[in-house]
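Asker:
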Ligand code: ADP
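Numbering (the working numbering), first residue to last: 270 to 748.
#1: For residue 300, count neighbouring C-beta atoms within 10 Å of its own C-beta (all shown protein chains included) and say buried if the count is 16 or more, exposed if not.
#2: In whole angstroms, what is the alpha-carbon distance linking residue 697 and residue 580?
#3: Of the choices 688, 695, 271, 487, whose alpha-carbon is the least far from that of residue 734?
#4: What separation, rounded to the nearest whole angstrom, lies between the Cα atoms of residue 652 and residue 395?
#5: Taking the beta carbon of residue 302 as the centre, do at least 16 other beta carbons fall within 10 Å, making it buried, or is it exposed?
#6: Is it right to say residue 408 is buried, meaning 16 or more other beta carbons lie within 10 angstroms of its own, or is it exposed?
#7: Using alpha carbons as the reference points, say which of 562, 560, 535, 561 lies closest to residue 549.
#8: Quick check: does the Cβ of residue 508 come within less than 7 Å of any heavy atom belonging to the ligand HEM?
#9: With a 10 Å radius around its C-beta and 16 neighbouring C-beta atoms as the bar for buried, classify residue 713 as buried or exposed.
#10: Would you call the segment 708-725 in contact with the segment 457-470, where contact means no fewer than 3 C-beta pairs closer than 8 Å?
#11: Helix, strand or coil for residue 481? Go by DSSP, reduced to three states.
#12: Between which two residues does the beta strand (DSSP E) containing residue 687 stretch?
#13: Assuming residue 341 and residue 327 make a contact with CB atoms under 8 Å, what is their CB distance in whole Å?
#14: Just verifying my parser: in three-state terms, what is the DSSP assignment at residue 573?
#15: Does DSSP put residue 736 in a helix, a strand or coil?
#16: Check whether the Cβ of residue 502 sits closer than 7 Å to any heavy atom of the ligand ADP, and report yes or no.
#17: Tell me whether residue 288, by its Cβ, gets closer than 7 Å to a heavy atom of the ligand ADP.
#18: Please determine, among 440, 445, 413, the residue with the shortest C-alpha to C-alpha distance to residue 432.
#19: Taking three-plus beta-carbon pairs below 8 Å as touching, is the segment 516-525 in contact with the segment 727-743?
#20: Under DSSP, the alpha helix (DSSP H) around residue 662 begins and ends at which residues?
#21: Determine contact between the segment 385-400 and the segment 429-448, defined as no fewer than three beta-carbon pairs at a distance below 8 Å.
#22: How about the segment 699-710 and the segment 667-676: do they share at least three Cβ pairs that are nearer than 8 Å?
#23: Do residue 657 and residue 676 come within 8 Å of each other at the CB atom, strictly closer than that value?
#24: Checking the sheet assignment: what are the DSSP bridge partners for residue 474?
#25: Using only the alpha-carbon positions, how far apart do residue 583 and residue 271 sit?
#26: Measuring alpha carbon to alpha carbon, tell me which of 284, 644, 590, 667 ends up nearest residue 546.
#27: In chain order, what are the residue ranges of uninterrupted beta strand (DSSP E) at least 3 long that sit wholly in the segment 600-687?
#28: State the start and end residues of the unbroken alpha helix (DSSP H) segment that holds residue 493.
#29: Could you give the distance in angstroms between the alpha-carbon of residue 530 and the alpha-carbon of residue 665?
#30: CA-CA distance, residue 490 and residue 605?
#31: What's the C-alpha gap between residue 273 and residue 552?
#32: Classify residue 533 as helix, strand or coil using the three-state DSSP reduction.
#33: My assumption, with CB atoms under 8 Å, is that residue 355 sits in contact with residue 388. Please give the rounded CB distance.
#34: Taking 8 Å as the CB-CB cut-off, is residue 270 touching chain D?
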């Protein structure tokens, strides 16, 4: 099968969250199963151009609502599969991917409609007619409708015959791509499609449009697939998703075990370890403590957290619970950035307990690896979590996760077997789960070791998930 995989971010080129990791690892896994899959993303100014040598494949133009725009296509290879970049200085050569801080760029609709149209035109330019176009999150959500309505119905474009099928993958439904109604002409879709297919409380909602127009919709865990239909985590799109129930699939993300594996990880001070020999893990913990000024004490666990500082990640629970957790005689090491109120909170916590709290505000990939490797316990008290990658990384690093039972966390962590769980989103159940973890760590070393072994033995490699995506592609193409 021929597949075009579109993502607004792909690691290591550009990353703001888990989608970049998925877009890096899933296409090579599909390629290994014998399919011709090519990924495409915008060529942002800010990405690590040193990550791979790049060659220009094409110069072309893209018809937008207000005239032709220039584009160029660049090509490299990542993980054995080709990666293409769509370049346009005006739209993409900026400091941020989607905005600066928490302020989105005002022309995001135009930028990403351009990306969708350019991706289709680039396919024509390189003579690649996909069977399936796999779109990811709101930045690519205009494509299914543009493909079907403009290329399929109105233009009957001879190149796109047979018309590719479209898959829409939801990685986080709280980001939907909503824009004011006056911007409708940017989509170049007849106005009659606004009301039923895209309109959402008086605004354009790109995710809603994709849920209507895609041939199949997927999301990143089975539990989240149910939650977005049945609960407030659908963020108002429960009805649209319920209508597509038969075509909505929950497929758990895999993990790139080349990147996240304590046996080969180069980021944790160059020290590696395995389930059979954990001495390296102890060494990493002691170096990490030294780096953050935390004393080395055997019976004090290091509790790690790596997250965007947003409400979704359970930051309000952390605010209410952190002092109680520290009183369990534990150390807390937090890496993240985002909402200033949470940054201030953690800074304040460190000032109050400099011997128990380490904090790094910012994005730091090496430190994320060090925390996964050096901590004993990892916290994810998320309000909702479509899949969550950090808890799966934690399993492989033998860093037992404490998670709230939601989305992918509920599908991967089993209380008392490979981690500790709680259900109700409130302080006491969270505290109680952390207390049990600390207690097991301190007073039941045999049990702790058994759980670590169970966690480290689990396999969330991409192959299984890749096969499930191929089943979805088959179901909509009949191939
Ligand atoms: P989300 O995509 O909602 O942010 P995931 O758990 O799916 O959450 O993925 C988060 C990814 O981003 C992980 O690879 C995690 O290590 C990484 N990450 C998050 N915040 C930071 C940070 N401040 N520095 C480095 N890596 C980070």
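Note that CB positions come from ideal geometry on N, CA and C, so glycine has one too.
Answerer: Reading it off the structure:
#1: buried
#2: Roughly 18 Å separates the two Cα atoms.
#3: 487
#4: 44 Å
#5: exposed
#6: Result: buried.
#7: Looking at the Cα atoms, 535 is the closest of the given residues.
#8: Only the ligand ADP can be found as ligands here, which leaves the ligand HEM out of the picture.
#9: exposed
#10: no
#11: helix
#12: Where residue 687 is concerned, there is no enclosing beta strand (DSSP E), given that its DSSP letter is neither H nor E.
#13: 7 Å
#14: strand
#15: Looking at residue 736 - three-state DSSP - the assignment turns out to be helix.
#16: no
#17: Yes, the beta carbon of residue 288 sits closer than 7 Å to at least one heavy atom of the ligand ADP.
#18: Residue 413 is the option with its Cα nearest to residue 432.
#19: yes
#20: Element bounds for residue 662: 659-666.
#21: yes
#22: Taking 8 Å as the limit for Cβ pairs, the verdict is that the segment 667-676 does touch the segment 699-710.
#23: For residue 676 and residue 657, yes; Cβs fall inside 8 Å.
#24: 447
#25: Looking at the two C-alpha atoms, the distance is approximately 40 Å.
#26: The shortest C-alpha separation from residue 546 is found at 667.
#27: 600-607, 626-630, 646-649, 669-673
#28: 491-499
#29: 7 Å
#30: Approximately 24 Å between the Cα atoms of the pair.
#31: 44 Å
#32: coil
#33: Between residue 355 and residue 388 the beta-carbon gap is near 7 Å, inside 8 Å, which marks them as a contact.
#34: Looking at the structure shown, chain D is missing, and only one protein chain is on hand.
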